[in-house]
Amino acid sequence: MYNLTAKERQGEITKSSTRGLYRDARIPGVVYDHTGVSLPVSLDRKDADLLIKKRGTSGLIQLTVEKAGGNEVCNAVFKNLQYDHLRNNVIHMEFQRTVATVPVKIRVPIKGTGTPHGVLRQGGVLQQNAQESEILCLPADIPDCIQVDVSHLKLNEVIRARDIEGFKFSLPQQSFFTVASSRAARKIAAKA
Numbered sequence: 011m012y013n014l015t016a017k018e019r020q021g022e023i024t025k026s027s028t029r030g031l032y033r034d035a036r037i038p039g040v041v042y043d044h045t046g047v048s049l050p051v052s053l054d055r056k057d058a059d060l061l062i063k064k065r066g067t068s069g070l071i072q073l074t075v076e077k078a079g080g081n082e083v084c085n086a087v088f089k090n091l092q093y094d095h096l097r098n099n100v101i102h103m104e105f106q107r108t109v110a111t112v113p114v115k116i117r118v119p120i121k122g123t124g125t126p127h128g129v130l131r132q133g134g135v136l137q138q139n140a141q142e143s144e145i146l147c148l149p150a151d152i153p154d155c156i157q158v159d160v161s162h163l164k165l166n167e168v169i170r171a172r173d174i175e176g177f178k179f180s181l182p183q184q185s186f187f188t189v190a191s192s193r194a195a196r197k198i199a200a201k202a
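Residue numbering for the sequence shown follows the working numbering, starting at 11 and increasing by one per position.
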């Protein structure tokens, strides 16, 4: 679990106060709880960028919110991230507080392991159709990534979300990996 520190934003939240945050190398954000109540916060840009580079936007985060009356520590997941694509900067972050007994929907990266039979023996090409998928699980069970063994795949076979055990996917028909025939293999088959 990664740690991130945020400061509660005091006073009225305006466009000029948000610009002031950007000048101070901070990112505005919001922390929602399970009832929908929001808490405006600001985060240090360097800490947030480092977390996103190391961890990505999946997984559980221990969020420390510095308030006037003291610090509040809670577990949270990323809810939404907004980017300025021209400058390649994060401009807003949203977090969802988690409750240990309530399942959360979260996007988790999908990674394939092994070399498929269809690539080694049949001249196919492994294609990854989805880099991540949304799962529903308890906060304590959130994986860093989902490892999928693709070594048994033959030519034109597909691994879908429903084929992976241990996770409840939002889209069970979503395909993750397939072995397609390559141009070279099709040319060899056409000559024969």
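Glycine included, C-beta positions come from ideal geometry on N, C-alpha and C.
Values in this document were obtained by computation on a predicted structure and should not be read as measured data.
Rank His127, Asn81 and Val160 by C-alpha distance to the C-alpha of serine 185 and give the top, closest one.
Answer by Cα proximity: Val160.
When we look at the beta-carbon of alanine 200 and count the other beta-carbons within 10 Å, is it buried (16 or more) or exposed?
So alanine 200 counts as exposed.
Tell me, which residues are paired with histidine 1 by DSSP?
The first residue shown for the chain is 11 and the last is 202, placing residue 1 beyond what the model contains.
Would you decide whether leucine 148 is buried or exposed? Buried here means 16 or more other CB atoms lie within 10 Å of its CB.
Label assigned to leucine 148: exposed.
Does the region 130-146 come close enough to the region 175-185 that 3 or more CB-CB pairs lie under 8 Å?
At 8 Å Cβ cutoff, the stretches touch.
Nearest-angstrom Cα distance between aspartate 54 and arginine 117?
Taking the straight line joining both Cα atoms gives about 24 Å.
May I ask you to report which of helix, strand or coil DSSP gives aspartate 54?
Of the three classes helix, strand and coil, the one that applies to aspartate 54 here is strand, per DSSP.
Within the chosen definition, does the region 96-113 reach the region 81-88 through at least 3 CB pairs nearer than 8 Å?
The answer is yes - the region 81-88 touches the region 96-113, with three or more Cβ pairs under 8 Å.
Please tell me whether, using a cut-off of 7 Å, the distance from the CB of leucine 14 to the nearest non-hydrogen atom of the ligand MG is below it.
Ligands displayed in this structure: none; no statement on the ligand MG is therefore possible.
Just curious, the beta strand (DSSP E) that leucine 146 is in, first and last residue?
Where leucine 146 is concerned, the enclosing beta strand (DSSP E) stretches over 142-147.
Would you give the residue range spanned by the beta strand (DSSP E) that threonine 74 belongs to?
Residues 71-77.
I'd like the span of the alpha helix (DSSP H) that includes arginine 29, first residue to last.
Start and end: 25-33.
Would you kindly work out how many angstroms separate the C-alpha atoms of lysine 121 and methionine 11, rounded to a whole number?
Taking the straight line joining both Cα atoms gives about 20 Å.
Name the two residues that bound the continuous beta strand (DSSP E) containing leucine 130.
Where leucine 130 is concerned, there is no enclosing beta strand (DSSP E), although the alpha helix (DSSP H) it sits in stretches over 127-130.
For asparagine 99, which residues of its own chain have a beta-carbon under 6 Å away from its beta-carbon, when the five flanking residues on both sides are left out?
Counting only Cβ-Cβ distances below 6 Å, and skipping sequence neighbours, we find nothing.
Straight-line CA distance for leucine 14 to glutamine 132?
Using only the alpha carbons, I get a separation of about 48 Å.
Exposed or buried, what is glycine 30 when buried is set at 16 or more other beta-carbons lying within 10 Å of its beta-carbon?
Exposed is the call here.
When we look at the beta-carbon of serine 26 and count the other beta-carbons within 10 Å, is it buried (16 or more) or exposed?
Result: exposed.
Report, in whole angstroms, the separation of the C-beta atoms of isoleucine 62 and serine 52, which I expect to be a contact under 8 Å.
The Cβ separation is near 16 Å, so there is no contact.
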